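*Asks:* Handing you this structure, nothing more for now.
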Amino acid sequence: MNWDDMRYLLAVAQAGSLKGAARSLGVDKTTVSRRLRAMEAALGRPLVEPRGPGLGLTDFGQVLHRHAEVMRDEMRAVDARIMADHAAPLGTVRLTSVPLIINHVLLPALSDLRAAAPGLRVELIAESRDLSLLRGEADIALRLARPTEGGQGVLARKLGDLDYAAYGARGAAGPMPWIGYEPRMGYLSHAAAIARAAEAEGGFAVAVNDAESLFQMVCAGHGRTLLPRAIADADARLVEVPFPHVALPRREVWLMVRRDLRELDRVRLAMEWVERAFAARMSQAQSTRPPDHRENGDNP
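As numbered in the UniProt record's numbering, residues 1 to 300 make up the sequence shown, in order.
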């Protein structure tokens with residue numbers, strides 16, 4: 001017996017005619033009749049009989065119909081389980097970067113990740129220090145320098161470059177002092193450039209240890225600093241100001257992942273999202289940047 005024929009028995013029992021059963025199944029009446037006859041031949045008993053203007057089930061047909069209903073319900077349960085599995089949790093992925101990147105590149109794009117991977121739980125770890133992928137402190141890292149960690153245990157791919165420029169608060173009154181980094185961070189190219197500018201003009205008003213702090217202080221009108229164009233140009237509170245002291249720095253952006261995790265669905269989805277978010281931020285900054293975004297016409 002072909003168990004798929006049970007669908008035809010159910011359809012005839014519900015519709016009460018070959019024509020109605022054919023309509024509900026999306027086939028022609030001849031197909032329904034042929035499948036019913038095949039079932040009867042396989043079972044050696046009639047399943048349907050004329051009843052009024054249509055068809056009804058024989059006693060044996062009614063017994064088989066009850067079994068067919070159970071089979072239908074089981075198949076619906078299987079379908080529901082498959083759908084549930086598709087929406088099942090993918091697990092957790094830990095992604096780390098500096099607070100400036102987390103807050104201004106990844107968080108604005110978080111809804112895209114949630115739509116693409118509804119079963120994924122993501123932990124965004126905003127840290128100024130580099131968390132170790134090999135020690136399991138994070139699964140994925142977005143770094144602003146060429147990686148030195150991991151050897152063969154870590155895969156890294158360059159996503160692009162961040163160009164820096166000097167910014168102050170739009171409409172700020174009076175002179176704006178330089179806001180820079182504490183001395184321990186002088187190894188960073190942009191920190192060194194700010195330090196040289198501040199030294200030439202009388203020193204720092206404030207020094208911090210994190211770019212997000214610089215960003216917030218400049219937005220609040222406390223001074224000037226160097227920020228990535230891709231982030232600062234997107235904020236209407238900021239305006240580019242001259243920087244004649246040294247060449248403006250540029251930093252590389254690298255995406256890193258533990259080699260043994262790269263094929264996991266949750267990690268792959270998160271990495272693809274990071275790449276899209278970074279590319280979108282770079283594209284948006286270029287498209288929204290006016291021909292002259294500086295406070296005056298001087299070349300920085």
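For each residue, glycine too, the CB sits at the ideal point set by N, CA and C.
Fair warning: this is a prediction, and the values are worked out from it, not measured in the lab.
Going by C-alpha to C-alpha distance, which of Leu113, Arg72, His65 and Ile125 sits closest to Ile102?
*Replies:* The candidate whose alpha carbon is nearest that of Ile102 is Ile125.
*Asks:* Which first and last residues belong to the alpha helix (DSSP H) in which Ile125 is found?
*Replies:* Run containing Ile125: none in the alpha helix (DSSP H); it sits in the beta strand (DSSP E), Leu120 to Ala126.
*Asks:* Please report the straight-line C-alpha distance between Ala109 and Leu188, rounded to a whole angstrom.
*Replies:* 27 Å
*Asks:* Using the C-alpha atoms, what's the distance from Gly180 back to Leu159?
*Replies:* 26 Å
*Asks:* With Gly168 as the anchor, note down where its alpha helix (DSSP H) starts and where it stops.
*Replies:* Not the alpha helix (DSSP H): Gly168 falls in the beta strand (DSSP E), residues Val154 to Ala169.
*Asks:* Just to confirm the assignment, what range does the beta strand (DSSP E) spanning Thr92 have?
*Replies:* Gly91 to Ser97
*Asks:* Would DSSP call Glu199 helix, strand or coil?
*Replies:* helix
*Asks:* So, under 8 Å CB-CB, Val274 and Leu261 are touching, yes? Tell me the CB distance rounded to an integer number of Å.
*Replies:* That belief does not hold up - the Cβ atoms of Val274 and Leu261 are roughly 14 Å apart, past 8 Å.
*Asks:* Please work out which residues of its chain come closer than 6 Å, Cβ to Cβ, to Glu69, disregarding the five sequence neighbours upstream and downstream, and give them in chain order.
*Replies:* none
*Asks:* Expressed to the nearest angstrom, what Euclidean distance is found between the alpha-carbon atoms of Glu199 and Leu214?
*Replies:* 18 Å
*Asks:* Which same chain residues end up closer than 7 Å to His191 when comparing Cβ atoms and leaving out the 5 residues on each side of it in sequence?
*Replies:* Correcting the residue type first, residue 191 is Ala in the shown sequence and not His. Cβ within range, chain order: Gly180, Tyr181 and Met185.
*Asks:* Leaving aside the five residues before and after Leu10 along the sequence, list all residues of the same chain whose C-beta is less than 8 Å from its C-beta, in chain order.
*Replies:* His65, Ala68, Glu69 and Arg72
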